[in-house]
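Structure, as structure tokens:
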């Protein structure tokens with residue numbers, strides 16, 4: 006007897022429907038075709054044990070399983086459930102009535118319980134697109150899948166539940182999630198707030214400018230000056246995710262298996278902070294089973310690299326292309342996968358190996374050569390992609406002992422949202438430009454060209470401070486954002502002066518002070 010069940014394979018964020026065909030004939034062999042990986046092949050033993058513990062038996066027959074399309078590699082254990090159902094139906098141990106109307110995913114434990122699967126959200130979207138009536142998933146994944154409307158999503162606990170449902174012995178109600186309620190309720194619930202940060206007003210201002218324009222930023226300062234503390238609070242002042250951005254971000258975390266149990270939408274911008282020992286594959290993605298790396302997990306959020314010069318130089322260099330293109334394409338001999346990675350890059354570093362160069366309260370023991378060598382660990386092309394370079398000093402006792410808290414994130418976020426609204430209106434005719442940091446050279450000349458007084462100020466600053474040529478465009482982009490925060494249509498000399506102050510590392514004499 007030939008029986009078909011339906012599932013899906015996830016390759017990056019792309020989902021391909023998979024038809025599982027099971028044919029039983031006389032014999033005792035088990036044949037699996039269709040490029041299933043080791044986890045798929047091991048599913049036979051999990052399925053046999055699950056059947057035994059739930060009153061069924063694994064057929065004593067020649068079983069041929071084909072997973073179509075046969076030329077697409079199938080990976081992971083989520084094919085256990087549809088394969089088990091198809092085998093039992095082909096053997097006549099169950100009589101599913103509507104097997105062709107449902108897509109199924111789920112790993113089986115040895116006692117027949119369903120374990121959570123990866124990539125359930127993009128699978129749910131694909132199931133709706135393909136016209137299936139419903140999707141059957143493990144209970145732990147049901148809320149994740151149920152945010153997709155116009156398809157019935159059923160969360161099941163065991164293989165027996167699925168068989169009873171498909172054969173009509175029991176009825177189950179589909180899970181319904183109020184997507185908008187889930188989304189808006191959690192948007193502004195932050196554990197960290199800038200009100201906790203006392204002093205460092207210049208750095209908080211730089212982070213506000215970076216958030217308002219989507220600019221990348223690096224903070225340079227001695228240990229204990231608050232670089233990490235402030236970076237971790239950056240998501241609390243960023244504009245809230247749109248529903249579309251939230252869905253895209255949730256899909257990436259679903260594929261990576263990072264969604265918490267029984268979770269629905271990700272409603273806050275992600276913040277990823279990889280350790281400096283991270284490998285290239287872990288940063289950009291890849292591996293035997295292509296998974297999104299840290300840069301994709303930070304999509305629509307923040308990627309924070311603490312102690313940037315401590316990262317492997319080759320690892321840092323792979324960031325250059327994603328920072329420009331905002332997508333990462335992973336090419337291997339057998340597959341090519343593309344993940345989105347539009348993120349704000351935030352970095353921190355000490356000014357020298359000992360950490361105290363320029364600190365008035367500690368003596369620096371580094372030579373000028375050691376300082377320059379330390380700074381050279383960050384290449385010019387990578388630094389070229391960072392708009393703001395903010396120097397941070399150790400906090401004096403008078404600021405540490407302040408009784409009054411700093412300005413709360415809520416107030417800063419209101420200004421940031423207002424500035425982003427101006428940019429949204431400005432760039433509405435451009436499909437892939439949403440903030441000032443994404444402006445091209447032509448757009449800089451159109452929207453950020455200063456007046457004669459501003460040009461003279463910029464020329465003087467570049468000559469006297471020995472600013473590099475790459476600083477010119479960065480200064481104009483940042484100045485445009487500062488003007489937006491001030492509600493000014495024109496980029497004025499005051500805006501340029503502040504933007505020039507954010508190019509510390511471009512100064513030719515920075516390491517010789």
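Residue numbers (this note's numbering): 6 to 518. All residues carry an ideal CB built from backbone N, CA and C; glycine is no exception. Just so we're clear, the structure is a prediction, and the values are computed from it rather than from any experiment.
So, using beta-carbon positions, are residue i and residue j closer together than 8 angstroms?
i, j, result
"residue 380", "residue 350", "no"
"residue 305", "residue 254", "yes"
"residue 188", "residue 251", "yes"
"residue 344", "residue 18", "yes"
"residue 393", "residue 507", "yes"
"residue 157", "residue 179", "yes"
"residue 122", "residue 111", "yes"
"residue 101", "residue 120", "no"
"residue 327", "residue 333", "yes"
"residue 109", "residue 90", "yes"
"residue 199", "residue 459", "no"
"residue 231", "residue 205", "yes"
"residue 274", "residue 248", "no"
"residue 316", "residue 281", "yes"
"residue 223", "residue 391", "yes"
"residue 21", "residue 11", "no"
"residue 284", "residue 346", "no"
"residue 70", "residue 38", "yes"
"residue 418", "residue 272", "no"
"residue 86", "residue 113", "yes"
Can residue i be considered in contact with the ligand ATP, in the sense that its beta carbon sits closer than 7 angstroms to one or more heavy atoms?
i, result
"residue 508", "The ligand content of the structure shown is nil, which means the ligand ATP is not present either."
May I have the straight-line CA-CA distance separating residue i from residue j, to the nearest angstrom?
i, j, result
"residue 432", "residue 115", "55 angstroms"
"residue 16", "residue 454", "44 angstroms"
"residue 226", "residue 436", "38 angstroms"
"residue 510", "residue 196", "32 angstroms"
"residue 236", "residue 210", "12 angstroms"
"residue 298", "residue 319", "16 angstroms"
"residue 386", "residue 321", "11 angstroms"
"residue 505", "residue 466", "7 angstroms"
"residue 172", "residue 105", "12 angstroms"
"residue 13", "residue 29", "23 angstroms"
"residue 174", "residue 166", "9 angstroms"
"residue 84", "residue 48", "8 angstroms"
"residue 388", "residue 439", "22 angstroms"
"residue 422", "residue 331", "22 angstroms"
"residue 233", "residue 395", "13 angstroms"
"residue 152", "residue 185", "9 angstroms"
Pull the bridge partners of residue i from the DSSP assignment, please.
i, result
"residue 332", "345"
"residue 157", "139"
"residue 28", "7 and 69"
"residue 276", "307"
"residue 41", "79"
"residue 113", "119"
"residue 56", "Its beta-bridge partners do not exist; DSSP assigns none."
"residue 471", "According to DSSP, residue 471 bridges with nothing at all."
DSSP on residue i, reduced to helix/strand/coil?
i, result
"residue 35", "strand"
"residue 70", "strand"
"residue 166", "helix"
"residue 94", "helix"
"residue 84", "coil"
"residue 222", "strand"
"residue 107", "strand"
"residue 429", "helix"
"residue 260", "helix"
"residue 13", "strand"
"residue 75", "coil"
"residue 326", "helix"
"residue 394", "strand"
"residue 508", "strand"
"residue 265", "coil"
"residue 23", "strand"
Give me, in chain order, the residues of the same chain whose beta-carbon lies closer than 6 angstroms to that of residue i; leave out the 5 immediate sequence neighbours on both sides.
i, result
"residue 63", "53 and 56"
"residue 34", "67"
"residue 370", "359"
"residue 484", "496, 500, 501 and 504"
"residue 81", "44"
"residue 486", "214, 217, 218 and 441"
"residue 59", "117 and 165"
Residues in its own chain within less than 7 angstroms of residue i by CB, not counting five upstream and five downstream?
i, result
"residue 2", "The question about residue 2 has no answer here: the residues shown for the chain are numbered 6 through 518."
"residue 478", "446 and 449"
"residue 177", "159 and 170"
"residue 473", "511"
"residue 425", "217, 244 and 440"
"residue 382", "314 and 318"
Using C-beta distances below 8 angstroms, list every residue in its chain close to residue i, excluding the 5 sequence neighbours before and after it, in chain order.
i, result
"residue 375", "357 and 358"
"residue 40", "72, 75, 76, 77, 78 and 79"
Using a Cβ-Cβ distance cut-off of 8 angstroms, determine whether residue i contacts chain C.
i, result
"residue 502", "Any reference to chain C falls outside this structure, which holds one protein chain only."
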